[in-house]
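In this text, residue positions in the sequence shown follow UniProt numbering: the first is 1, and each later residue adds one.
Ideal Cβ placement from N, Cα and C applies to all residues, glycine included.
Quantities reported herein were computed from a predicted structural model and do not represent experimental measurements.
Single-structure report; data block below.
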Amino acid sequence: MKRNDGRIRTSHGGNLPLPADLNAMLATPERDEAAVRSRLAEAVQEVVDLQAECGVDVLNDGEYVKAGAAGAYAGYIHARVTGWEVRTGDDAPPAKRAGTAERDRRLFPGVYESGLWMSGSGGPVRPGFATPGAVPRHRGTRVCVEPVRYVGHEAIAADITALQHALKGKNGDTEGFIAALGPLSLGAGAVNEHYASEEEYLMAVAEVVREEYRAITDAGLIVQVDEPEFLTTWTFYPEWEVADLRRYLEMAVRVINHALEGIPLEQVRFHSCWGSGHRPHTTDIGLREVVDLLVRINAQCYAIEAGNVRHAHEWRVWEDVDLPEGRMVMPGVISHATDLVEHPELVAERLTNFASVLGRENVQAGTDCGIGSRVGHEEIVWAKLRALGQGAALASSRLWS
1 MKRNDGRIRT
11 SHGGNLPLPA
21 DLNAMLATPE
31 RDEAAVRSRL
41 AEAVQEVVDL
51 QAECGVDVLN
61 DGEYVKAGAA
71 GAYAGYIHAR
81 VTGWEVRTGD
91 DAPPAKRAGT
101 AERDRRLFPG
111 VYESGLWMSG
121 SGGPVRPGFA
131 TPGAVPRHRG
141 TRVCVEPVRY
151 VGHEAIAADI
161 TALQHALKGK
171 NGDTEGFIAA
181 LGPLSLGAGA
191 VNEHYASEEE
201 YLMAVAEVVR
211 EEYRAITDAG
221 LIVQVDEPEF
231 LTTWTFYPEW
241 EVADLRRYLE
251 MAVRVINHAL
261 EGIPLEQVRF
271 HSCWGSGHRP
281 HTTDIGLREV
291 VDLLVRINAQ
301 CYAIEAGNVR
311 HAHEWRVWED
321 VDLPEGRMVM
331 PGVISHATDL
341 VEHPELVAER
351 LTNFASVLGR
361 ENVQAGTDCG
371 IGSRVGHEEI
381 VWAKLRALGQ
391 GAALASSRLW
401 S
């Protein structure tokens, strides 16, 4: 991943709005798969071009491949792995943990009983990303029943080819990334009935996702490891104290680093967040409680929420962090929790705050999370990305003046 050279480089968290016609094609139960593949390739070129026009330096395919798989950011992977089965009804074992918003739900019972808020990780379903004709989301309990394996080689190869083709002709400063699910987000919520221990099971899951990571980095692209569970695990276990969480995350760091074994550090960006749910978030674990564990993960860049109102103040946490040599932080300076478009001056202010504690060479500009499925309309999404590019330019002019 290229480092800042006289200016702050920009990227974003992942998913971007689908073109309306492609969304309609995906929503058709008896769709023409050849036509969908053709239109998808065109759409990837379009979304790459739009990102470049907004001033994005490290861009992706919009996560369009994930739009055809229900279950938000994680749904796509289930067609690429084996070793699990889904059980429902009396055959399903008890869930191993609570939901993503459990701590909030206990403090705001009336809010959740009203039906106006979602208790899961995702926010309200937005037009332009949900696909009614997509693969059904797993509603039962996932159970590991045999050795886990990665079988998605053809699928990830197609994703890589589409992005590489779309990047042709872009300027030399442009880089491409593909977001891939982290081992915790793939395996931690499932019940293990095959491996001798939870850590052995998660280490096997790490080896599964590593195959996808290697395919991406072998192709010369950046892999963004999507692992919101690093921060959201806190609310899955409302009975835990911070010490319990830290013990778990120490194991989680070993698992994540096992997944990254042999992957070039400079091609890894690690993303975590507090879940994309439009909910109070008053019970989010504080960054200060776990940041020392976060920076043990073998990634060149750490992408983390910093724009929403529960975490915008946490730039000061980094005053007390020894960032490993050669590492960078990509704070979210654009929020997916609001449809208000950030002013470029606010973006610049947020970036200069981070630069004041981390050094200007160690800060890149990003979004809190993927904004394509959480912001109300695609016009707002692109306005936010333009504000990101403009704000980064303002900050750069001040930091390198």
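- [ ] State the DSSP-derived secondary structure class of Asp218, mapped to helix, strand or coil.
- [x] Reading the sequence shown from its first residue, position 218 is the one you call residue 218. In this structure, Asp218 counts as helix in the three-state DSSP scheme.
Open item on the list: Among the candidates His343, Ala303 and Ala337, whose CA atom is the shortest distance from the CA of Val363?
Closed with: As a working mapping, residue 363 is identified with position 363 in the sequence shown. Nearest C-alpha to Val363: Ala303.
- [ ] Using a threshold of 7 Å, state whether the C-beta atoms of Gly391 and Asp368 are closer than that.
- [x] For the purposes of this step, residue 391 is taken as the residue at position 391 of the sequence shown. For the purposes of this step, residue 368 is taken as the residue at position 368 of the sequence shown. Cβ atoms of Gly391 and Asp368: not closer than 7 Å.
Task: Every unbroken beta strand (DSSP E) within the stretch 267-294, with a cutoff of 3 residues, ordered by chain - done: 268-272
TODO: Please confirm if the stretch 333-344 is in contact with the stretch 370-390, defined as three or more CB-CB distances below 8 Å between the two stretches.
DONE: yes
Task: Reduced DSSP category for Glu250 - H, G, I as helix; E, B as strand; rest coil - done: Locating residue 250 in the sequence shown gives position 250, where the first residue counts as 1. Note: Glu250 maps to helix in three-state DSSP.
Task: Euclidean distance between Cα positions of Arg80 and Thr338 - done: Here the question's residue 80 lines up with position 80 in the sequence shown. Here the question's residue 338 lines up with position 338 in the sequence shown. Taking the straight line joining both Cα atoms gives about 33 Å.
Open item on the list: Do Thr141 and Arg87 count as a contact pair if the criterion is CB distance below 7 Å?
Closed with: Within the sequence shown, numbered from 1, the residue matching residue 87 stands at position 87. Within the sequence shown, numbered from 1, the residue matching residue 141 stands at position 141. The answer is yes: Cβ separation under 7 Å.
TODO: Would you mind listing the alpha helix (DSSP H) stretches within the stretch 301-364 that are 4+ residues and don't spill past its ends, in chain order?
DONE: 344-358
Open item on the list: Between the alpha carbons of Gly14 and Trp315, how many angstroms are there, rounded?
Closed with: Mapped onto the sequence shown, residue 14 falls at position 14. Mapped onto the sequence shown, residue 315 falls at position 315. Spanning the two alpha carbons is a distance of roughly 22 Å.
Open item on the list: The beta strand (DSSP E) that contains Pro228, what's its start and end?
Closed with: As a position in the sequence shown, residue 228 is number 228, starting the count at 1. It is not in any beta strand (DSSP E) - Pro228 carries neither H nor E in the DSSP assignment.
Task: Ile178: first and last residue of the uninterrupted beta strand (DSSP E) it sits in - done: For the purposes of this step, residue 178 is taken as the residue at position 178 of the sequence shown. Per DSSP, Ile178 belongs to the beta strand (DSSP E) from Glu175 to Leu181.
Open item on the list: Can you check which of these residues, Ser197, Gly366, Pro280 and His165, is closest to Val111 by C-alpha distance?
Closed with: In the sequence shown, the residue the question calls residue 111 occupies position 111. The shortest Cα separation from Val111 among Ser197, Gly366, Pro280 and His165 belongs to Pro280.
Task: CA-to-CA distance, Leu18 to Arg9, given in whole angstroms - done: The residue given as residue 9 occupies position 9 in the sequence shown. The residue given as residue 18 occupies position 18 in the sequence shown. Distance between the alpha carbons of Arg9 and Leu18 is about 25 Å.
- [ ] Select from Glu305, Leu163 and Ile256 the residue whose C-alpha is nearest the C-alpha of Glu207.
- [x] Indexing the sequence shown from 1 puts residue 207 at position 207. The residue with the shortest Cα to Cα distance from Glu207 is Ile256.
Open item on the list: By the DSSP assignment, the beta strand (DSSP E) with Val56 in it spans what residues?
Closed with: What you label residue 56 is simply residue 56 of the sequence shown in a count that begins at 1. Unbroken run through Val56: none, as it is neither H nor E.
TODO: Give me the Cα-Cα distance between Trp347 and Asn171, rounded to the nearest whole angstrom.
DONE: Indexing the sequence shown from 1 puts residue 347 at position 347. Indexing the sequence shown from 1 puts residue 171 at position 171. According to the sequence as given, residue 347 is Val; it is not Trp. About 24 Å.
Task: Proximity of residue 402 and Glu211 at Cβ, strictly below 7 Å - done: There is no way to answer for residue 402, as the model of the chain reaches only from 1 to 401.
Task: Proximity of His258 and Met203 at Cβ, strictly below 7 Å - done: Start at 1 with the first residue of the sequence shown, and residue 258 comes out as number 258. Start at 1 with the first residue of the sequence shown, and residue 203 comes out as number 203. Contact: yes.
- [ ] May I ask which residues mark the beginning and end of the alpha helix (DSSP H) holding Pro109?
- [x] The sequence position of residue 109 within the sequence shown is 109, counting from 1. Element bounds for Pro109: Pro109 to Glu113.
- [ ] Name the one or two DSSP bridge partners that Val86 has.
- [x] For the purposes of this step, residue 86 is taken as the residue at position 86 of the sequence shown. DSSP, once it has assigned bridges, lists Arg142 as partnering Val86.
Task: Short Cβ contact (7 Å threshold) for Ala395 with Thr352 - done: In the sequence shown, the residue the question calls residue 395 occupies position 395. In the sequence shown, the residue the question calls residue 352 occupies position 352. Going by C-beta atoms, Ala395 is nearer than 7 Å to Thr352.
Open item on the list: My output table needs one value for Tyr76: the three-state DSSP class, helix, strand or coil.
Closed with: Residue numbering aside, residue 76 sits at position 76 when the sequence shown is read from its first letter. In this structure, Tyr76 counts as helix in the three-state DSSP scheme.
Open item on the list: Assuming Ala392 is part of the alpha helix (DSSP H), what are its boundary residues?
Closed with: Position 392 of the sequence shown, counted from the start, is the residue given in the question as residue 392. Unbroken alpha helix (DSSP H) run through Ala392: Glu378 to Leu399.
TODO: Answer yes or no: do Pro238 and Ala98 have a C-beta to C-beta separation smaller than 7 Å?
DONE: Taking the sequence shown and counting its residues from 1, one reaches residue 238 at position 238. Taking the sequence shown and counting its residues from 1, one reaches residue 98 at position 98. Their beta carbons are under 7 Å apart, which means Pro238 touches Ala98 by this criterion.
Open item on the list: Based on DSSP bridge pairs, tell me the residues matched to Asn15.
Closed with: As a working mapping, residue 15 is identified with position 15 in the sequence shown. In the DSSP output, where bridge partners are listed per residue, Asn15 has none listed.
- [ ] Would you mind sorting Glu379 into buried or exposed? The rule is 16 or more other CB atoms within 10 Å of its CB.
- [x] Translated into the one-based positions of the sequence shown, residue 379 becomes position 379. Glu379 should be labelled exposed.
- [ ] For Arg103, collect the residues of the same chain with a Cβ closer than 7 Å to its Cβ; drop the 5 residues on either side in sequence, then sort them by chain order.
- [x] For the purposes of this step, residue 103 is taken as the residue at position 103 of the sequence shown. Only Thr235, Pro238 and Thr283 meet the Cβ criterion.
Task: Continuous alpha helix (DSSP H) stretch holding Ala155: start and end - done: In the sequence shown, the residue the question calls residue 155 occupies position 155. First-last of the alpha helix (DSSP H) with Ala155: His153 to Leu167.
- [ ] Measure from the alpha carbon of Gly307 to the alpha carbon of each residue in Val58, His12, Asn4 and Val209, then state which is nearest.
- [x] Counted from its first residue, the sequence shown places residue 307 at position 307. Nearest C-alpha to Gly307: His12.
- [ ] Go through its chain and collect everything with a Cβ distance to Tyr195's Cβ below 8 Å, but skip five positions before and after it.
- [x] On the sequence shown, position 195 is the one that residue 195 refers to. Contacts found: Cys144, Tyr201 and Ala204.
TODO: Report yes if the C-beta distance between Val47 and Leu26 is below 7 Å; otherwise report no.
DONE: Walking along the sequence shown from the start, residue 47 turns up at place 47. Walking along the sequence shown from the start, residue 26 turns up at place 26. No; because the gap between Cβ atoms is not below 7 Å, this pair is not in contact.
TODO: Would you grab the beta carbon distance between Leu22 and Leu40 for me? Rounded to a whole angstrom, and I think it's under 8 Å.
DONE: What you label residue 22 is simply residue 22 of the sequence shown in a count that begins at 1. What you label residue 40 is simply residue 40 of the sequence shown in a count that begins at 1. With a Cβ gap of about 7 Å, Leu22 and Leu40 count as contacting.
Open item on the list: Using DSSP's beta-bridge definition, name the partner residues of Tyr150.
Closed with: In the sequence shown, the residue the question calls residue 150 occupies position 150. Tyr150 is bridged to Val81.
TODO: Under 8 Å by Cβ, that's how I've got Tyr213 and Thr233 pegged, so tell me the actual separation to the nearest angstrom.
DONE: As a working mapping, residue 213 is identified with position 213 in the sequence shown. As a working mapping, residue 233 is identified with position 233 in the sequence shown. Between Tyr213 and Thr233 a beta carbon distance of about 21 Å is seen, past the 8 Å cut, so the two are scored as non-contacting.
- [ ] Please name the residue in Arg269, Lys96, Ile156 and Leu181 whose C-alpha comes closest to that of Asn192.
- [x] What you label residue 192 is simply residue 192 of the sequence shown in a count that begins at 1. Closest in C-alpha terms to Asn192, from the list Arg269, Lys96, Ile156 and Leu181, comes Lys96.
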